[in-house]
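*Asks:* With mature numbering (1 follows the signal peptide of the UniProt record, and there is no 0) applied, the sequence shown corresponds to residues -38 to -1, 1 to 465, in that order. The beta carbon of each residue, even a glycine, is placed where N, CA and C say it ideally should be. Below is the structure I would like to discuss, written out as structure tokens.
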Amino acid sequence: MQHAPSRCCWRLALLRAAAASLLLAPLLLLAPVTPVSGTSFVKACGAQLCVDGKPWYFQGANAYWLIDYVQFDRGSVDIFFDWANKFGLKVIRLWAFNHRMPYQWGGYDETQFRGLDYIVDSAGRHNIRLIVALGNTWTAYRSPQDYMRMAGVDPAGKDLLDFYSSEHVRHFYRDHISAITQRNNTYNARRYKDDPTIMMYDAMNEPRCPGCVDTSSQAQVRGFLAEMTSHLRAVAPSQLVALGTEGYFLNSYEEWNSGAGVRCEGEDWAALAGTSSIDVTVVHAYERQMESVPPKWYQCDFDCYANFLIQYLSVHQRIAAGAKKPLIMEEYGLILPQYTADQRVQLFQLVADNLRWMKSTGGAMAGVMFWNAAVGNVWDDGYNVYLDGPVVKPVPVPAPTPPPQPPSGVTPAGPVPTPAPAPPAPAPPPEPSRAPIVANTETLTDFLRGPQRAACAEAAAKWWLPIWTNSWAYTVDTTALAKRTATYTVLSVLRDTSNALYY
Ligand SMILES: *[C@@H]1O[C@H](CO)[C@@H](O)[C@H](O)[C@H]1NC(C)=O
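This is the structure in structure tokens:
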């Protein structure tokens, strides 16, 4: 997910948050928690995550906005982690980069770095672990172009593949990884690499390379990712190493992709899962990743998406187990108002059921993290779940009583108006013979290799349909799911899952 408030809204969000945190403070019940400091690092043990040698399954969330809010209100960070504890969110994910972090090769804004220090220290005090991403494919906060410029490579006329293949960029990025992991936290004098609060690093968030499907460009991308994950493992050997991948398939399992053009993002998930320098495999799953699907090439609706997701997770769980690596669903969520609040509850329940099933069977999916946990008036990108919102579903206001109708058979007084001629029925839209190739439109820039992706997707559409149709199955009874969750809220699902998982 690339969402981040634009600069205009970011400032507004800061003001709102300042007001919100004042309101929140008196509402908190502070439960004593054992700090992470002094406890163990989370380890991979086969295809599971372990703490102190015992399998560990968790629910968690993303909260990228912490790096903004911490700049003006340290208290809001503590308040947020208190709320996270209340709902058993044991792991929080955020960026370890910011607008001026770095601002040049080796140059990090000390104020922004101290903000991250505070978040890490506060998480440790609250017994919450962190996953931090070290870079981003998207433009939020620090883009690949920014990294290229800082590495002395002019991005003009170049693209993402040049980012991955440049020796200068690779050198720069290795140094960036070292700078973060070697940081001495100003709040607890502990190096990040030695702090069990930081459970895992994503060497990069959503490392796509659109259109990079040929052997040579794949070698460049995978070479970059292998180099950065190996470097991470060398400089931070106690912590877990991962990539914030979305889960897209390229050279195998393409029938499980969410559309014909998905393989064109250049992510060969099954191959990456086998990379020796990666400890944990990762998926990010959103309904917006779905292209139109057969048989009629409708946009996949919620029912369709729920069924797709279960199959998508299931195949990733099987591959992860085969590679003897745990799997974390690092991002999922449902945007409102395009979908309903009830559908969001259903999605969360579906994911929670899967997690509980994984725990009971010792499965590879060790944790699930929704996008995006928030409190107070944190800016909402449409995906926010407010932990300080109502846990009990509000009773719907009854519809107003309709005005009395005349008894049947009685003709209303007055002339009967002549009905206006019905407008001609709109012609049904022509049914396309294959998926409209619509990627996220914001990805279709030249730098992000939009034209190369489009060409690749056109080609894939010609053969993808039959293999997808063959593998597709409806296995989720969404009517029963809706009935079962009718009185639930997202927060009640989180609370109940927490009780079932940890006690
Ligand atoms: C971090 O810095 C403090 C203050 O300069 C110092 O006392 C401490 O030893 C440093 N910690 C490490 C792990 O280097």
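In the DSSP assignment, the alpha helix (DSSP H) including residue 252 goes from what residue to what residue?
*Replies:* Indexing the sequence shown from 1 puts residue 252 at position 290. First-last for residue 252: undefined, no H or E at that position.
*Asks:* Got a sec? Which residues, its chain only, sit under 6 Å from residue 86 by beta carbon, not counting five neighbours each side?
*Replies:* Locating residue 86 in the sequence shown gives position 124, where the first residue counts as 1. Correct list, in chain order: -4, -3, -2, 159.
*Asks:* Using the Cα positions of residue 251 and residue 210, report the straight-line distance between them to the nearest angstrom.
*Replies:* Indexing the sequence shown from 1 puts residue 251 at position 289. Indexing the sequence shown from 1 puts residue 210 at position 248. If I take the Cα positions, the gap works out to 10 Å.
*Asks:* Assuming residue 327 and residue 320 make a contact with CB atoms under 8 Å, what is their CB distance in whole Å?
*Replies:* For the purposes of this step, residue 327 is taken as residue 365 along the sequence shown, with counting starting at 1. For the purposes of this step, residue 320 is taken as residue 358 along the sequence shown, with counting starting at 1. Confirmed, about 4 Å.
*Asks:* Taking 8 Å as the cut-off, is the C-beta of residue 76 nearer than that to any heavy atom in ligand 1?
*Replies:* One-based indexing of the sequence shown puts residue 76 at position 114. No, since every heavy atom of ligand 1 falls outside the 8 Å radius drawn around the Cβ of residue 76.
*Asks:* If you compare alpha carbons, which of 195, 30, 120, 361 is closest to residue 103?
*Replies:* For this step, residue 103 is matched to residue 141 along the sequence shown. With distances taken between Cα atoms, residue 103 lies closest to 30.
*Asks:* Once DSSP output is grouped into helix, strand and coil, what is the label at residue 362?
*Replies:* Reading the sequence shown from its first residue, position 400 is the one you call residue 362. Note: residue 362 maps to coil in three-state DSSP.
*Asks:* Based on Cα-Cα distance, which residue from 112, 147, 41 lies nearest to residue 74?
*Replies:* Your numbering for residue 74 matches position 112 in the sequence shown. Checked all of 112, 147, 41; the closest Cα to residue 74 is 147.
*Asks:* Using CA coordinates, which residue listed in 449, 121, 303 is at the minimum distance from residue 179?
*Replies:* For this step, residue 179 is matched to residue 217 along the sequence shown. Nearest C-alpha to residue 179: 121.
*Asks:* Helix, strand or coil for residue 413? Go by DSSP, reduced to three states.
*Replies:* In the sequence shown, the residue the question calls residue 413 occupies position 451. If DSSP states are grouped into helix, strand and coil, residue 413 belongs with the helices.
*Asks:* Apply the 10 Å Cβ neighbour rule to residue 34 and answer buried if 16 or more other Cβ atoms are within range, or exposed otherwise.
*Replies:* As a working mapping, residue 34 is identified with position 72 in the sequence shown. Label assigned to residue 34: exposed.
*Asks:* Determine the extent of the alpha helix (DSSP H) in which residue 266 is found, giving its start and end residues.
*Replies:* Indexing the sequence shown from 1 puts residue 266 at position 304. That run of the alpha helix (DSSP H) goes 264 to 284.
*Asks:* Per DSSP, what kind of secondary structure is residue 63 in: helix, strand or coil?
*Replies:* For this step, residue 63 is matched to residue 101 along the sequence shown. Residue state, collapsed to three classes: strand.
*Asks:* When the Cα atoms are used, what is the spatial distance from residue 360 to residue 188?
*Replies:* Translated into the one-based positions of the sequence shown, residue 360 becomes position 398. Translated into the one-based positions of the sequence shown, residue 188 becomes position 226. Residue 360 and residue 188: Cα-Cα distance of roughly 58 Å.
*Asks:* Can you tell me whether residue 300 is buried or exposed? The criterion is at least 16 other CB atoms within 10 Å of its CB, across all chains shown.
*Replies:* The residue labelled residue 300 in the question sits at position 338 within the sequence shown. Residue 300 is exposed by the Cβ-count criterion.
*Asks:* Out of 88, 246, 277, 19, point me to the one whose CA is closest to residue 39's CA.
*Replies:* Here residue 39 is taken as the residue at index 77 of the sequence shown, counted from 1. For the set 88, 246, 277, 19, the Cα lying nearest the Cα of residue 39 is the one of 88.
*Asks:* Find out if the Cβ-Cβ distance for the pair residue 83, residue 163 is shorter than 9 Å.
*Replies:* Counting from 1 along the sequence shown, the entry for residue 83 is found at position 121. Counting from 1 along the sequence shown, the entry for residue 163 is found at position 201. Against a cut-off of 9 Å, the Cβ pair of residue 163 and residue 83 comes out as no contact.
*Asks:* Could you give the first and the last residue of the continuous beta strand (DSSP E) run that contains residue 164?
*Replies:* For the purposes of this step, residue 164 is taken as residue 202 along the sequence shown, with counting starting at 1. Element bounds for residue 164: 160 to 167.
*Asks:* Between 124, 112, 349, 336, which has its C-alpha nearest residue 134's C-alpha?
*Replies:* Within the sequence shown, numbered from 1, the residue matching residue 134 stands at position 172. It is 112.
*Asks:* By alpha-carbon positions, which one of 217, 145, 28, 238 ends up nearest to residue 432?
*Replies:* Stepping through the sequence shown from its first residue, residue 432 is reached at position 470. Of the candidates 217, 145, 28, 238, the one whose C-alpha sits nearest the C-alpha of residue 432 is 217.
*Asks:* What does the alpha-carbon distance come out to for the pair residue 268 and residue 437?
*Replies:* Indexing the sequence shown from 1 puts residue 268 at position 306. Indexing the sequence shown from 1 puts residue 437 at position 475. For residue 268 and residue 437, the distance between alpha carbons rounds to 9 Å.
*Asks:* Using only the alpha-carbon positions, how far apart do residue 317 and residue 51 sit?
*Replies:* Residue 317 sits at position 355 when you count from the first residue of the sequence shown. Residue 51 sits at position 89 when you count from the first residue of the sequence shown. Near 13 Å, if we compare the C-alpha coordinates of residue 51 and residue 317.
*Asks:* Classify residue 447: buried if its beta carbon has 16 or more other beta carbons within 10 angstroms, exposed otherwise.
*Replies:* Your numbering for residue 447 matches position 485 in the sequence shown. Buried, because 16 or more other Cβ atoms sit within 10 Å of the Cβ of residue 447.
*Asks:* Within 10 Å of its beta-carbon, does residue 303 have 16 or more other beta-carbons around it, so buried, or fewer, so exposed?
*Replies:* Here residue 303 is taken as the residue at index 341 of the sequence shown, counted from 1. Burial call: exposed.
*Asks:* Is the beta carbon of residue 151 within less than 8 Å of some heavy atom of ligand 1?
*Replies:* Looking up residue 151 in the sequence shown gives position 189. It does: the Cβ of residue 151 is within 8 Å (strictly closer) of some heavy atom of ligand 1.
*Asks:* Do residue 243 and residue 235 count as a contact pair if the criterion is CB distance below 9 Å?
*Replies:* In the sequence shown, residue 235 corresponds to position 273, counting from 1. In the sequence shown, residue 243 corresponds to position 281, counting from 1. In contact: residue 235 and residue 243 (Cβ atoms closer than 9 Å).
*Asks:* Looking at ligand 1, does it come within less than 8 Å of residue 156, judged from the CB to the closest heavy atom?
*Replies:* Residue 156 sits at position 194 when you count from the first residue of the sequence shown. It does: the Cβ of residue 156 is within 8 Å (strictly closer) of some heavy atom of ligand 1.
*Asks:* From the DSSP output, read off the bridge partner residues of residue 93.
*Replies:* Numbered from its first residue, the sequence shown carries residue 93 at position 131. Paired residues: 55, 162.
*Asks:* Let me confirm a value: residue 464 is counted as buried when at least 16 other C-beta atoms fall within 10 Å, else exposed. Which label applies?
*Replies:* On the sequence shown, position 502 is the one that residue 464 refers to. It is exposed - the Cβ of residue 464 has fewer than 16 other Cβ atoms within 10 Å.
*Asks:* Let's test the definition: count the other Cβ atoms within 10 Å of the Cβ of residue 408 and tell me whether it reaches 16, buried, or not, exposed.
*Replies:* Mapped onto the sequence shown, residue 408 falls at position 446. Burial call: exposed.
*Asks:* Assuming contact is defined by CB atoms lying nearer than 9 Å, are residue 78 and residue 60 in contact in what I supplied?
*Replies:* Sequence index remark: in the sequence shown, residue 78 carries index 116 (1-based). Sequence index remark: in the sequence shown, residue 60 carries index 98 (1-based). Yes, Cβ-Cβ distance for residue 78 and residue 60 is below 9 Å.
*Asks:* Report the residue from 3, 205, 412, 273 whose alpha carbon sits nearest the alpha carbon of residue 18.
*Replies:* Counting from 1 along the sequence shown, the entry for residue 18 is found at position 56. Of the listed residues, the one whose Cα sits closest to residue 18 is 3.
*Asks:* Grab me the residues of residue 224's own chain with a C-beta within less than 6 Å of its C-beta, minus the 5 sequence neighbours each way, in chain order.
*Replies:* Locating residue 224 in the sequence shown gives position 262, counting from the first residue. If we look at residue 224 and ignore the five residues flanking it on each side, its Cβ neighbours are 210.
*Asks:* Tell me the start and end of each unbroken alpha helix (DSSP H) in the segment 419 to 455 that is at least 4 residues and wholly inside, in chain order.
*Replies:* 440 to 446
*Asks:* Quick one, which of 15, 289, 54, 11 has its alpha-carbon nearest residue 26's?
*Replies:* What you label residue 26 is simply residue 64 of the sequence shown in a count that begins at 1. It is 54.
*Asks:* Is there at least one Cβ from chain C nearer than 9 Å to residue 53's Cβ?
*Replies:* In summary, chain C is missing from the structure at hand, where a single protein chain is found.
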